[in-house]
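Novice: Quick one: structure below, then a few questions.
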Amino acid sequence: MIGMMNGGGDAPVDFYSTPKLAKGEERLYEPQTREVISYLKDGRLMLDGQLVVTESPEELWQDLIMRVVWYMLCKDHLDVKGEKIFN
1 MIGMMNGGGD APVDFYSTPK LAKGEERLYE PQTREVISYL KDGRLMLDGQ
51 LVVTESPEEL WQDLIMRVVW YMLCKDHLDV KGEKIFN
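Numbering follows the UniProt record's numbering, with no gaps: position 20 of the sequence shown is 20.
In C-alpha cells:
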C-alpha cells in the first residue's frame, strides 16, 4: 500500500493531489452544480427558485381535516392496545 511513509521526498499535498490539466485537455467529468437553497418569508423551502412543496393550501387543509377525523374515530380503539399513535 502506498502512503505518506512510502512517498519519500514528495510533499503529502503533491502526492495526493489530482493531476494538473494541460491547456486544451478535456475534463473526464463535469463539476457538479450545487442547488441554491432559499426560504420565503413564510418559511417555505425553495430549491433553485422552485417551491419544494407544490400542494395547494386547499389540499393541505383537506389532508389535515382527514387526519383529524381519522384520529378522532380511531383513538379509542388504538389506546386500548397501549400503542402510541403519534410520537
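Just so it is clear, CB atoms sit at the ideal spot from N, CA and C, and this is done for glycine as well.
Excluding the five sequence neighbours on either side, which residues of its own chain have a C-beta within less than 6 Å of the C-beta of V36, listed in chain order?
Specialist: For V36, where only same-chain residues beyond five positions count, the Cβ hits under 6 Å are D48.
Novice: If you draw a straight line from the alpha carbon of L21 to that of R34, how long is it in whole angstroms?
Specialist: Taking the straight line joining both Cα atoms gives about 23 Å.
Novice: Using only CA atoms, which one of P31, L40, I65, T18 lies nearest to V52?
Specialist: Closest by alpha carbon: L40.
Novice: Give the secondary structure of Q50 by DSSP, where H, G and I count as helix, E and B as strand, and everything else as coil.
Specialist: Three-state result, Q50: strand.
Novice: Which class does L40 belong to by DSSP, given the choice of helix, strand or coil?
Specialist: Here L40 sits in coil by DSSP.
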